[in-house]
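A.B. asks: Questions regarding the structure given below will be posed in turn.
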Amino acid sequence: MSSEERMYKCPKCGKEFSKEEMEILPGVKCPYCGWRIVVKLRPPVVKTVKAI
Ligand SMILES: [Zn+2]
89 MSSEERMYKC
99 PKCGKEFSKE
109 EMEILPGVKC
119 PYCGWRIVVK
129 LRPPVVKTVK
139 AI
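Heads up, the sequence shown is in this note's numbering, so the first residue is 89 and it goes up one at a time.
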C-alpha cells in the first residue's frame, strides 16, 4: 500500500493534483498550466498539533 498520498494545489489555476500527476512532468510544476509554484495540501489524516 502506498503510504503517503499528498495532494498539491496550483495557486495559479487552482487545480488540485497528486504527486504522481505532478511527476508526469520533470521538476515541480503544475501539470495543468506549468506554473512552477505548487502548494502542498495537508494529508487527510490530521494528527495532534505540537504546541510550540
Ligand atoms: Zn496550474
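For every residue, glycine included, the Cβ atom is placed at its ideal position computed from N, Cα and C.
Ordered along the chain, which non-local residues of its own chain (more than five positions away) have a Cβ less than 8 Å from that of residue 123?
C.D. replies: Within the same chain, residue 123 has close Cβ partners 98, 99, 100, 101, 117.
A.B. asks: Is it true that the CB of residue 96 sits closer than 8 Å to the CB of residue 138?
C.D. replies: For residue 138 and residue 96, no; Cβs fall outside 8 Å.
A.B. asks: Rounding to the nearest angstrom, what Cα-Cα distance links residue 111 and residue 136 in this structure?
C.D. replies: C-alpha separation (whole angstroms): 30 Å.
A.B. asks: Would you list the residues sitting across from residue 104 in a DSSP beta bridge?
C.D. replies: Answer is 97.
A.B. asks: Note down, in chain order, each residue of its chain lying with its Cβ closer than 8 Å to the Cβ of residue 121, except the 5 sequence neighbours on either side.
C.D. replies: Excluding residues within five positions, the ones whose Cβ falls inside 8 Å are 98, 100, 101, 103.
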